[in-house]
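Residue numbers (my numbering): 10 to 376.
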């Protein structure tokens with residue numbers, strides 16, 4: 010059963026955690042949305058894929074957002090309790106750091122579980138979806154490069170000729186002329202409008218025309234069939250097979266990563282490091298909070314900032330060293346979390362209570 014103090018700490022940290030997370034997600038989403046609109050503006054992304062593309066980007070980056078948000082929520086909450094002398098009152102009541110760790114661990118466990126799900130499963134899935142969208146958009150931009158207003162598009166050895174009078178960003182066509190000589194005869198199709206898309210399975214062009222006329226027959230003869238249509242579709246075969254999505258470490262499912270390969274092991278430990286960072290940052294946050302409101306908080310706030318910056322910069326360095334073979338394989342890349350813990354505890358050692366008692370005891374013994 011949770012005590013009153015445990016529920017109070019959990020409520021305060023949880024409220025601040027959700028508030029900070031909401032603000033961070035909104036800021037990150039805004040930045041990603043602006044970048045997405047830039048890609049739409051230059052024609053690298055279809056307007057209809059904006060929300061899907063943005064959602065995949067936010068989902069891909071969510072695992073890296075939770076650890077710093079949790080660290081900041083715990084640090085700010087405990088700092089406020091320390092400034093209001095609530096931690097002093099708790100210590101006077103016999104509630105020390107061990108009780109704080111136990112209460113905060115109850116929140117760290119579900120946050121770490123959510124981070125693990127995002128990092129180990131959803132992050133590679135979202136990265137694969139982003140890669141697929143980019144590849145499809147690149148293929149479409151390459152394969153329909155000839156479909157420009159006022160130009161002819163010749164395919165299948167000259168047997169199919171397409172002329173487009175107008176085309177907007179949504180690939181809506183206007184003033185379309187198609188001459189199809191496949192099948193031994195000639196088919197001439199004219200239309201005032203239409204649509205173009207690529208068939209994902211085959212890579213074929215599908216041109217759908219609306220409100221036009223079709224002329225079937227042989228040039229130079231009077232044997233022609235003339236008909237009107239409301240919708241007419243013509244298929245233009247692709248020149249080659251559709252490119253398959255290549256294997257990338259960021260898009261590879263976690264269970265398919267090969268640990269014996271250094272690069273893929275680095276990717277696996279990078280994903281595993283996110284949920285582990287929740288517990289490491291929790292161990293850092295509690296001792297970084299002052300125990301007395303009379304003590305200056307500027308020094309420990311600066312130390313917390315340096316610890317946060319060193320944590321994620323040392324993570325990139327450790328992963329680079331493992332991938333390039335600088336560090337041995339048995340060491341891995343997760344050692345940076347233990348190093349940061351030792352550095353912070355060593356920096357806080359001179360001001361700790363048992364260190365002051367030890368110093369006083371040595372002074373008395375010297376007298």
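Backbone N, C-alpha and C fix where the C-beta goes; we use that ideal spot for every residue, glycine too.
Everything numeric in this text was worked out from a predicted model, so none of it was measured.
Item                                                                                                                  : Value
Stretch-stretch touch, CB-based, cutoff 8 Å, three pairs: the stretch 45-65 with the stretch 82-101                   : no
Limits of the beta strand (DSSP E) - the one that residue 438 falls within                                            : Shown here, the chain extends from 10 to 376; a query on residue 438 therefore has no answer.
CA-to-CA distance, residue 136 to residue 259, given in whole angstroms                                               : 6 Å
Sub-7 Å separation of residue 72 and residue 128 beta-carbons                                                         : yes
Simplified DSSP state of residue 327, which is helix, strand or coil                                                  : helix
Whether residue 117 touches residue 310 by CB criterion (7 Å)                                                         : no
The stretch 166-183 in contact with the stretch 105-115 per 3-pair CB rule at 8 Å                                     : no
Spatial neighbours of residue 24 in its chain, beta-carbon cut-off 6 Å, leaving aside the 5 residues before and after : none
Reduced DSSP secondary structure (H/G/I, E/B, other) of residue 251                                                   : Its pLDDT being 44, under 50, residue 251 is placed unreliably by the model, and nothing is read from it.
Own chain, CB closer than 6 Å to residue 186, minus 5 neighbours either side, in chain order                          : 172 and 199
Beta-bridge pairing of residue 64 - partner residues as DSSP gives them                                               : Its beta-bridge partners do not exist; DSSP assigns none.
Burial state of residue 16 (16 or more Cβ within 10 Å)                                                                : exposed
Reduced DSSP category for residue 270 - H, G, I as helix; E, B as strand; rest coil                                   : coil
Beta-carbon separation (whole angstroms), residue 236 vs residue 223, contact threshold 8 Å                           : 5 Å
Range of the contiguous beta strand (DSSP E) that encloses residue 298                                                : Residue 298 -> no beta strand (DSSP E), and no H or E assigned at all.
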